[in-house]
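In my numbering, the protein residues as written are 9 to 102.
Structure below.
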């Protein structure tokens with residue numbers, strides 16, 4: 009795992025925490041890392057977010073990715089990514 013993706017994950021955790029979500033960077037045994045996010049008001053609402061470079065060589069930018077493999081948001085804007093995650097994990101009435 010490169011330090012670049014770890015730094016992006018740490019910045020995302022900070023933004024998610026400021027929105028009232030519980031978030032932490034988790035390292036797997038293989039060395040890959042992701043952010044585990046949980047809505048404390050509805051703990052069944054959770055998501056794992058990864059960060060990696062765009063696969064296309066012509067576009068080497070870093071992105072956050074949903075657990076199902078869809079590109080979510082540019083890693084240069086962790087606040088925007090946190091807003092998207094918060095919207096997806098919002099409980100009814102929040």
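Note that CB positions come from ideal geometry on N, CA and C, so glycine has one too.
Chain-order list of residues whose beta-carbon lies under 7 Å from that of residue i (same chain, five-residue window excluded)
i, result
"residue 25", "31"
"residue 88", "81"
"residue 96", "55"
Close-in-space but distant-in-sequence residues of the same chain around residue i (CB under 6 Å, 5 per side omitted)
i, result
"residue 46", "30 and 54"
"residue 36", "none"
Close beta carbons around residue i, own chain, < 8 Å, minus the five adjacent residues each side
i, result
"residue 71", "59, 60, 61, 62, 79, 80, 81, 82 and 83"
"residue 48", "28, 29 and 30"
"residue 76", "none"
Those residues which DSSP pairs with residue i across a bridge
i, result
"residue 55", "45"
"residue 73", "58 and 79"
"residue 32", "44"
Test: residue i CB closer than 8 Å to a CB of chain B
i, result
"residue 36", "Among the chains of the structure shown, chain B does not appear; only one protein chain is present."
Whole-angstrom C-beta distance between residue j and residue i, which should lie under 8 Å
i, j, result
"residue 13", "residue 41", "7 Å"
Distance CB(residue i)-CB(residue j) smaller than 8 Å
i, j, result
"residue 93", "residue 57", "yes"
"residue 18", "residue 34", "no"
"residue 90", "residue 23", "yes"
Which listed residue (the options) has its alpha carbon closest to that of residue i
i, options, result
"residue 20", "95, 39 and 85", "85"
"residue 44", "38, 74 and 69", "74"
"residue 16", "52, 77 and 69", "69"
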